[in-house]
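Here the structure is laid out as structure tokens; the discussion comes afterwards.
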Amino acid sequence: MKRLKWAKQKVKWINEWENIIWSDESKFEVFGGDGKRYVWRTPQEKYNPKCLIPTFKSGQESVMIWGCFVKNKLGPLVKLEGKITANVYVKEILEKHLLPFINNLEDKENYIFQEDNAPIHTANIAKKWKEDNNIASLPWPAQSPDLNPIENLWDELERKVRNHRPLPKNQDDLWKILQEEWLNLDEKIYKNLVDSIPRRVAAVIENKGDPTKY
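Per the UniProt record's numbering, residue 1 is the first one in the sequence shown, and the count goes up by one each step.
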């Protein structure tokens, strides 16, 4: 299993994880009726091509976002609109947001960019852009959200948005609150998440490549 092989290759990594730029997309939804509002996140939907196009059901509005971070610094939070193609990913996310973030990091040449295997990430146009901009990529095992600490950061962001008062009433409210709460995330949280990666890798090996508690 590729996941197990990947984990065995990385089992001795400790400080190396501090130089990884963790990234991902996520969708947050606000919905409600009878005067009540709810917010929730729908993980893994991006693997379904239909979910790359925003859909609106009665009483429901959603915001698709992209974000990244390193151990000691949050990156930008980006709102994605319309159909997210590989070209949009390169022009609107990598070019406008990832590159400036990397350029502001100390020892920027030592950082490695992590992204999962969603088609927009692995398209030739995205690969070429990363090569042309000298951005090293971390090979990533398929179906491994438990190895990506940004999934846990999304969960923390979701909790903060749910606890925000007043709750968002619509898509614009939700986006404003997402941005506000993203910047308010405690640095200890994302530092601890990165520190947990060696334990995650060990758990994958212990589980012989099967999913872990993370």
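All residues carry an ideal CB built from backbone N, CA and C; glycine is no exception.
Reduced DSSP category for residue i - H, G, I as helix; E, B as strand; rest coil
{"i": "Val11", "result": "coil"}
{"i": "Ile189", "result": "helix"}
{"i": "Trp182", "result": "helix"}
{"i": "Trp22", "result": "strand"}
{"i": "Trp140", "result": "coil"}
{"i": "Ile93", "result": "helix"}
{"i": "Ile135", "result": "coil"}
{"i": "Glu29", "result": "strand"}
{"i": "Glu106", "result": "coil"}
{"i": "Ile65", "result": "strand"}
{"i": "Ile84", "result": "coil"}
{"i": "Trp17", "result": "helix"}
Enclosing alpha helix (DSSP H) for residue i [first to last residue]
{"i": "Leu99", "result": "Leu99 to Asn103"}
{"i": "Leu167", "result": "Taken as a continuous stretch (DSSP letters only), Leu167 belongs to no alpha helix (DSSP H), as it is neither H nor E."}
{"i": "residue 215", "result": "With the chain covering only 1 through 214, there is no way to say anything about residue 215."}
{"i": "Trp154", "result": "Ile150 to Asn163"}
{"i": "Glu206", "result": "Ile197 to Glu206"}
Span of the beta strand (DSSP E), counted from its first residue to its last, around residue i
{"i": "Pro76", "result": "Lys73 to Leu80"}
Inter-residue Cα distance where the pair is residue i and residue j
{"i": "Ala126", "j": "Lys108", "result": "20 Å"}
{"i": "Lys83", "j": "Tyr89", "result": "10 Å"}
{"i": "Asn117", "j": "Asp186", "result": "28 Å"}
{"i": "Asn148", "j": "Arg41", "result": "16 Å"}
{"i": "Pro139", "j": "Thr122", "result": "11 Å"}
{"i": "Thr212", "j": "Asn103", "result": "34 Å"}
{"i": "Val194", "j": "Asp24", "result": "15 Å"}
{"i": "Ile177", "j": "Met64", "result": "13 Å"}
{"i": "Asn72", "j": "Glu29", "result": "28 Å"}
{"i": "Lys50", "j": "Gly67", "result": "With a pLDDT of only 45 at Lys50, under the threshold of 50, the placement of this residue in the model should not be trusted; the figure read from the coordinates follows. Roughly 21 Å separates the two Cα atoms."}
{"i": "Thr85", "j": "Lys27", "result": "16 Å"}
{"i": "Lys130", "j": "Leu94", "result": "9 Å"}
{"i": "Gln171", "j": "Leu157", "result": "16 Å"}
{"i": "Asn184", "j": "Trp17", "result": "23 Å"}
{"i": "Lys206", "j": "Asn192", "result": "The amino acid occupying residue 206 in the given sequence is Glu; Lys does not appear at that position. Each residue's alpha carbon lies about 21 Å from the other."}
{"i": "Ile189", "j": "Leu153", "result": "8 Å"}
{"i": "Leu74", "j": "Asp173", "result": "22 Å"}
{"i": "Phe101", "j": "Lys128", "result": "19 Å"}
{"i": "Glu181", "j": "Trp22", "result": "18 Å"}
**Asked** Is the stretch 198-206 in contact with the stretch 11-23, if contact means three or more CB pairs nearer than 8 Å?
**Response** Enough Cβ pairs lie closer than 8 Å, so yes.
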